[in-house]
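Our numbering numbers the first residue of the sequence shown as 622 and each following residue consecutively.
Cβ coordinates follow ideal geometry from the N, Cα and C atoms, glycine included.
Worksheet for the structure shown next.
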Amino acid sequence: MSTDHHPDNQEHVSRREAMRRGALGAAGIIAAGGLNSRVFADPLKISPEELAKRKAARDEAAKAKAKKGQTKSVIQIFLWGGISQNDCWDPKPGTGYNYLGEFDKFIPTNVDGIQLSYLFPKLATQADKYSLIRSMTHGVFGHETAAYLMQTGHKPGGRLAYPSVGAIFTFFKKEQYKGLLPPYIVMLQAAGRFSEEGFLGPGYKPFATGGDPNAARFEVQGIVNRGINDARQKARRELVDKINLMGYGLADVPEMAAAEEAKQKAYGLILGRGKEVFNLENEPTELRDRYGRHTFGQECLAARRMVEAGVPYITISFPGGWDTHGNHFPTMKRQCPMLDQGLATLLADLSDKGLLDSTLVWCTGEFGRTPKVSWEPPWNGGRHHYGHVFTVLVAGGGFKGGRVVGSSDELGAYVKERPVYPADLLGSIYLLGGIDATAKLPHPLGFEAHVLDTENEGMKSAGLLEEIM
């Protein structure tokens, strides 16, 4: 008897598959904001002993192969809301209308055997520069908890509020980075799902640029002021210096010297070389057009300029979000071309400038979307939160290109081969950044805290990404 793509048949198949894997709660029955599945469930029937053996082998191989400290800067492209794995970077030809919807066309890439959705023609020409992790998993379905897990590597709900990857990089690179710009920058605003600085405190909070890099003038908060040109700002500075008698004759006082140094650095940021990083008018018109004359494209260009300035960690928060419970297909048709253009050009530009080897780029949401489309009202063609399996794109910084790690099943519903957990991804990023994932972190109340601590937290780990190092 054929099990074609009739909705009843597909629901039966999904439930049977879910029960086989011991994770009841199939894609078709998850509502908006849906039911949380069991957190950190092992998606494959692998014994704990075998899982530990594979993890140890991968970790050992990764540490032997990785060039520790090769990553000088990180660009994180955060697709908040969660992007569909089926419609983008893990397409499933032949699964029918209930799973494909309008997106039933697929294209080859410049790497044999890797296909993408037709919505990504530019990324298809750059596949040799990035790898796709098609077996990312954590089993969490809530925005806040999943975002926390993906950006800290720690189990949500614990007594400690851990810092994000960006704050960790800032902490460990603070002695090396001497640039004018803040060491951790978010464009345009932090997603607000959790406090990125965690218990490290406000000194490690990301600097949010605000503004719009696609505007005629990129008005960065606190650096480029609306309605005040450079000449006027300079005149104001000179006037303040003339009437400020407080520090006169006190240059040898340590506190006054420190204040003067801080002031000069601030002025350098507002009026000097620091500010120029945000001046995209310095870039050729043709290159700006290649990135795309939209907010996301120009964010990517600004990120490349920050890498040139040595900024350790840059987060691009995609404007608009990907939480497509309803209106999914129109949203994807509008946003995927922007993501495709900006990201593909960023990878090509970094490569052309010799920066890709030292710049790690990773792009993902906090989870994926349900493989089965919800055609029924009120969704009328939507996909919901899905943490069982999704795709992450990684490039540069010591990661190889043109590879695929792991795989999902025939529907894109569960991990089929080689699960990758948040600690595996973040641990690999830390390794390439020269950061010891077992290192202790200073907690203000003296609590024991480490960069990653999966074993004590009872979380899954299948090993570092040695396949692409």
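{"Item": "Just curious, the alpha helix (DSSP H) that residue 955 is in, first and last residue?", "Value": "949–973"}
{"Item": "Which residues in the same chain have their Cβ closer than 7 Å to the Cβ of residue 653, if we skip the five residues on either side of it in sequence?", "Value": "Low confidence applies here, because residue 653 scores a pLDDT of 32, under 50, leaving its location unreliable and the question unanswered by this model."}
{"Item": "Just checking, does the stretch 743–756 make contact with the stretch 728–735 on the three C-beta pairs under 8 Å criterion?", "Value": "yes"}
{"Item": "If we call anything under 9 Å between Cβ atoms a contact, is residue 584 one with residue 1011?", "Value": "In the structure as shown, the chain begins at 622 and stops at 1090. Residue 584 is therefore absent and cannot be evaluated."}
{"Item": "What does DSSP give as the partner residue(s) for residue 1071 in the beta ladder?", "Value": "1061"}
{"Item": "Which same chain residues end up closer than 8 Å to residue 784 when comparing Cβ atoms and leaving out the 5 residues on each side of it in sequence?", "Value": "773, 792, 817, 818, 819, 820, 821, 825, 1062"}
{"Item": "Below 7 Å CB to CB, which residues in the same chain sit around residue 722 once its five sequence neighbours on both sides are set aside?", "Value": "950, 994, 1002"}
{"Item": "If you reduce the DSSP assignment to three classes, tell me which class residue 840 lands in.", "Value": "coil"}
{"Item": "Taking residue 1050 as part of the alpha helix (DSSP H), name the residues at either end of that continuous run.", "Value": "1043–1053"}
{"Item": "Output the distance between the C-alpha atoms of residue 1070 and residue 777, rounded to the nearest integer angstrom.", "Value": "14 Å"}
{"Item": "If you reduce the DSSP assignment to three classes, tell me which class residue 771 lands in.", "Value": "helix"}
{"Item": "Would you check if the distance between the CB atom of residue 701 and the CB atom of residue 768 is smaller than 9 Å?", "Value": "yes"}
{"Item": "Considering only residues of the same chain and omitting the five flanking positions on each side of residue 756, which have a CB-CB separation below 7 Å?", "Value": "1010, 1026, 1027, 1028, 1029, 1036, 1038, 1039, 1040, 1041"}
{"Item": "Just reading off the beta strand (DSSP E) that residue 823 is part of, what are its end residues?", "Value": "Unbroken run through residue 823: none, as it is neither H nor E."}
{"Item": "Counting only runs of 4+ residues fully inside the stretch 742–816, write out the alpha helix (DSSP H) ranges in chain order.", "Value": "742–745, 764–773, 786–794"}
{"Item": "Determine the direct distance from the alpha carbon of residue 760 to that of residue 643, and round the result to whole angstroms.", "Value": "Residue placement at residue 643 is flagged as unreliable, the pLDDT there being 34, under the threshold of 50; the coordinate-derived value follows with that caveat. Whole-angstrom Cα-Cα distance: 12 Å."}
{"Item": "Let's test the definition: count the other Cβ atoms within 10 Å of the Cβ of residue 718 and tell me whether it reaches 16, buried, or not, exposed.", "Value": "exposed"}
{"Item": "Rounded to the nearest angstrom, what separates residue 1034 and residue 1013 at their Cα positions?", "Value": "15 Å"}
{"Item": "Under a three-way DSSP split, which group does residue 724 fall into?", "Value": "coil"}
{"Item": "Are at least three pairs of beta-carbons, each pair with one atom in the stretch 898–909 and one in the stretch 933–940, less than 8 Å apart?", "Value": "no"}
{"Item": "Tell me the start and end of each unbroken alpha helix (DSSP H) in the stretch 671–740 that is at least 4 residues and wholly inside, in chain order.", "Value": "718–721"}
{"Item": "Helix, strand or coil for residue 1037 per DSSP?", "Value": "strand"}
{"Item": "Check the C-beta distance from residue 712 over to residue 752 and give it rounded, since I have them as a contact under 8 Å.", "Value": "Rounded, the Cβ-Cβ distance is 17 Å, inconsistent with contact."}
{"Item": "Cutting at 7 Å between CB atoms, please list the residues of its own chain near residue 798, excluding the five before and the five after it.", "Value": "804, 931, 933"}
{"Item": "So who's on the other strand from residue 989, going by DSSP bridges?", "Value": "1007"}
{"Item": "In whole angstroms, what is the alpha-carbon distance linking residue 969 and residue 980?", "Value": "12 Å"}
{"Item": "For the putative contact between residue 837 and residue 810, defined by C-beta atoms under 8 Å, what is the C-beta separation to the nearest angstrom?", "Value": "About 20 Å; that fails the 8 Å criterion."}
{"Item": "Which residue's Cα is closest to the Cα of residue 1090: 1074, 1068, 978, 675?", "Value": "978"}
{"Item": "Using 10 angstroms around the beta-carbon of residue 823, count the other beta-carbons present and answer buried if the total reaches 16, otherwise exposed.", "Value": "exposed"}
{"Item": "What's the C-alpha gap between residue 725 and residue 1018?", "Value": "34 Å"}
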